[in-house]
Amino acid sequence: MTDATPRTSAQWPLYEVFVRGKRGLNHVHVGSLHAADERMALTHARDLYTRRNEGVSIWVVRSDLITASTPDERDPFFAPSGDKVYRHPTFYDIPADVPHI
Amino acid sequence: MTGFETTSLEESDFELRLHEQFDDTIARDQRIEPRDWMPDGYRRTLIRQIAQHAHSEIIGMQPEGEWITRAPSLRRKAILFAKVQDEAGHGLYLYSAAETLGADRADLTQRLIDGRQKYSSIFNYPTPTFADVGVIAWLVDGAAICNQVPLCRSSFGPYARAMVRVCKEESFHQRQGYELLSTMMRGTDHQRATVQDAVDRWWWPSLMMFGPPDGDSPNSEQSMAWRIKRHTNDELRQRFVDMTVPQAAALGVTLPDPELRWNEERGRHDFGTPDWSELHRVITGDGPCNTERVARRRAAHEDGAWVREAASAHAATQAARAREGAAA
Ligand SMILES: [Fe+2]
Ligand SMILES: [Fe+2]
Numbered sequence: 001m002t003d004a005t006p007r008t009s010a011q012w013p014l015y016e017v018f019v020r021g022k023r024g025l026n027h028v029h030v031g032s033l034h035a036a037d038e039r040m041a042l043t044h045a046r047d048l049y050t051r052r053n054e055g056v057s058i059w060v061v062r063s064d065l066i067t068a069s070t071p072d073e074r075d076p077f078f079a080p081s082g083d084k085v086y087r088h089p090t091f092y093d094i095p096a097d098v099p100h101i
Numbered sequence: 001m002t003g004f005e006t007t008s009l010e011e012s013d014f015e016l017r018l019h020e021q022f023d024d025t026i027a028r029d030q031r032i033e034p035r036d037w038m039p040d041g042y043r044r045t046l047i048r049q050i051a052q053h054a055h056s057e058i059i060g061m062q063p064e065g066e067w068i069t070r071a072p073s074l075r076r077k078a079i080l081f082a083k084v085q086d087e088a089g090h091g092l093y094l095y096s097a098a099e100t101l102g103a104d105r106a107d108l109t110q111r112l113i114d115g116r117q118k119y120s121s122i123f124n125y126p127t128p129t130f131a132d133v134g135v136i137a138w139l140v141d142g143a144a145i146c147n148q149v150p151l152c153r154s155s156f157g158p159y160a161r162a163m164v165r166v167c168k169e170e171s172f173h174q175r176q177g178y179e180l181l182s183t184m185m186r187g188t189d190h191q192r193a194t195v196q197d198a199v200d201r202w203w204w205p206s207l208m209m210f211g212p213p214d215g216d217s218p219n220s221e222q223s224m225a226w227r228i229k230r231h232t233n234d235e236l237r238q239r240f241v242d243m244t245v246p247q248a249a250a251l252g253v254t255l256p257d258p259e260l261r262w263n264e265e266r267g268r269h270d271f272g273t274p275d276w277s278e279l280h281r282v283i284t285g286d287g288p289c290n291t292e293r294v295a296r297r298r299a300a301h302e303d304g305a306w307v308r309e310a311a312s313a314h315a316a317t318q319a320a321r322a323r324e325g326a327a328a
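Residue numbers (the numbering used here), protein chains in the order written: chain A, 1 to 101; chain B, 1 to 328.
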């Protein structure tokens with residue numbers, strides 16, 4: 001799409017919406033919406049996803065700008081962490097009578 | 001053996017493995033996510049169901065929306081406004097879920113206004129009195145809740161998550177309607193009669209919202225196997241009746257079904273059979289308001305075209321200015 005062609009609503013880009021529910025929490029993905037630009041995406045996100053004080057902060061990002069890993073959980077991409085049980089505290093035997101560990 | 005044969009054999013092996021993974025995910029009661037491999041039928045079924053659901057929320061704004069300007073008090077007007085706005089929100093959550101499956105939103109809207117996709121037949125009935133606003137929220141939203149609560153565990157992640165949001169909001173819908181009706185029932189004889197009349201008109205169509213009886217619902221079995229759907233139409237209908245009977249008693253209205261009675265043995269209510277030929281007529285386009293609802297949706301879409309175009313033009317100008325600013 002070039003900037004010379006006027007965009008109709010059918011071509012309004014899709015934005016993913018992330019909402020911080022309250023201070024101290026991460027932004028969480030809540031859904032998506034279409035908007036003509038970033039500002040409109042933010043206002044629409046407010047109206048659509050925070051009608052009942054569900055958020056104190058909103059991020060919107062164009063869906064086509066997201067880079068994602070492949071969906072398959074058995075993908076070798078995640079293999080490096082698969083065989084490293086020693087990264088977990090439960091890997092280690094500690095006598096039961098040792099306190100606070 | 002040629003190289004081609006090897007390739008196609010490997011490909012079908014690959015497909016088979018993906019299918020097994022899919023079945024396995026369903027069997028473990030885990031969610032399917034948008035970029036996972038899924039059978040074409042699963043995708044098609046979901047797009048159809050989610051689109052119909054979204055369309056129902058959007059068309060569902062109309063019967064009650066007609067009363068926003070005529071609500072009897074500012075309090076009722078504000079509440080009704082919020083409720084109808086929620087229904088718009090529900091439609092948008094659902095269109096968003098449908099898009100994760102590859103559906104195109106503009107195309108879905110077009111299909112609705114061209115009459116190529118359906119919405120719930122319940123919204124093809126008229127709302128002649130303000131009591132209808134209360135009865136819709138009590139019975140129609142009540143039936144929707146019965147349907148939607150199990151959908152929060154539907155196997156497709158985005159659909160299930162949309163349902164969680166929707167269900168949280170539906171509770172407000174139903175309660176405000178019930179409160180409205182309670183207020184009218186404490187009013188004059190005329191008000192009580194108006195409520196009873198609305199109940200008489202909405203009861204059977206509400207039961208029809210759960211769809212045809214199980215024996216007549218060919219797609220149900222596959223949807224249940226895929227865990228898109230968790231309960232049969234008849235089971236959900238029964239739950240709705242069992243939930244609603246005590247609410248009707250507390251309100252002081254009669255449900256218009258002479259066969260309705262408590263069945264001690266089953267521990268559930270027996271009830272009459274809805275007029276399925278009526279459901280069929282309304283679904284196929286011959287309800288009291290079908291034409292009006294779709295025409296209204298089409299007009300809203302077409303009348304809004306200039307707003308969409310203006311927003312696009314504004315966005316383009318802003319973007320161009322930002323580029324010039326950066327270049328300067
Ligand atoms: Fe809704
Ligand atoms: Fe609702």
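Yeah, the Cβ is synthetic: ideal placement off N, Cα and C, and Gly gets one too.
Every value quoted in this text rests on a predicted model; they were computed, and no experiment measured them.
- Here DSSP, grouped into helix, strand and coil, assigns residue 15 of chain A to strand.
- Residue 312 of chain B has a beta carbon lying within less than 7 Å of a beta carbon in chain A.
- Secondary structure of residue 263 of chain B (DSSP, three-state): strand.
- The beta carbon of residue 53 of chain B sits no closer than 6 Å to any heavy atom of ligand 2.
- For the stretch 25–46 of chain A, residues whose beta-carbon sits nearer than 7 Å to a beta-carbon of chain B comprise 31, 32, 33, 34, 36, 37, 40.
- In this structure, residue 141 of chain B lies near residue 170 of chain B, with their beta-carbon atoms less than 7 Å apart.
- For residue 190 of chain B, the uninterrupted alpha helix (DSSP H) segment begins and ends at 189–208.
- Here residue 243 of chain B is actually not in contact with residue 122 of chain B; their C-beta atoms are around 17 Å apart, not less than 8 Å.
- As for any beta strand (DSSP E) of minimum length 3 sitting wholly inside the stretch 18–42 of chain A, the runs are 27–34, ordered along the chain.
- Flagged as an interface residue toward chain B: residue 48 of chain A, by a C-beta distance shorter than 7 Å.
- Using beta-carbon distances, residue 93 of chain B counts as an interface residue toward chain A, with a partner under 7 Å.
- Neighbourhood of residue 65 of chain A in chain B, by CB distance below 9 Å: empty, with the nearest CB roughly 15 Å away.
- In the DSSP assignment, residue 58 of chain B falls within the alpha helix (DSSP H) that extends over 40–59.
- At a beta-carbon threshold of 7 Å, none of the residues of chain B lie near residue 20 of chain A; the nearest stands roughly 16 Å away.
- For residue 269 of chain B, the enclosing beta strand (DSSP E) has its first and last residue at 268–270.
- Beta-bridge partners assigned by DSSP to residue 60 of chain A: A:17.
- A direct Cα-Cα distance of roughly 28 Å separates residue 77 of chain B from residue 245 of chain B.
- Think of a sphere of 9 Å around the beta carbon of residue 51 of chain A: the chain B residues whose beta carbon falls inside it are 82, 85, 86, 89, 169, in chain order.
- Per DSSP, reduced to three states, the secondary structure at residue 32 of chain B is strand.
- Only residues of its own chain outside the window of five on either side were considered, and among them 12 have a CB closer than 6 Å to the CB of residue 36 of chain A, listed in chain order.
- Under the 7 Å criterion on CB atoms, residue 315 of chain B is classed as interfacial with respect to chain A.
- Taking 7 Å as the cut-off, the beta carbon of residue 207 of chain B is found closer than this to the beta carbon of residue 274 of chain B.
- When Cβ-Cβ separations below 7 Å define contact, residue 96 of chain B makes contact with chain A.
- Ranked by how close their Cα comes to the Cα of residue 182 of chain B, the residues B:248, B:296, B:226 have B:248 in first place.
- Within 10 angstroms of the beta-carbon of residue 307 of chain B lie fewer than 16 other beta-carbons, which makes it exposed.
- The distance from the Cβ of residue 64 of chain B to that of residue 94 of chain B is about 18 Å, inconsistent with a contact at the 8 Å cut-off.
- DSSP places residue 79 of chain B inside the alpha helix (DSSP H), whose first and last residues are 74–99.
- Of the heavy atoms belonging to ligand 2, none sits nearer than 6 Å to the Cβ of residue 132 of chain B.
- Looking at the DSSP output, residue 156 of chain B shares a beta bridge with B:32.
- Short note on residue 179 of chain B: C-beta not closer than 6 Å to any heavy atom of ligand 2.
- A contact between stretches requires three or more CB pairs, one per stretch, nearer than 8 Å, and the stretch 148–166 of chain B meets this requirement with the stretch 86–104 of chain B.
- The C-beta separation of residue 124 of chain B from residue 282 of chain B comes to about 5 Å, placing the pair in contact by the 8 Å criterion.
- A straight-line Cα-Cα distance of about 30 Å links residue 255 of chain B and residue 294 of chain B.
- Taking the CA atoms as reference points, residue 47 of chain B sits about 13 Å from residue 112 of chain B.
- Taking 8 Å as the upper bound on Cβ-Cβ separation, chain A lies near no residue of the stretch 109–141 of chain B.
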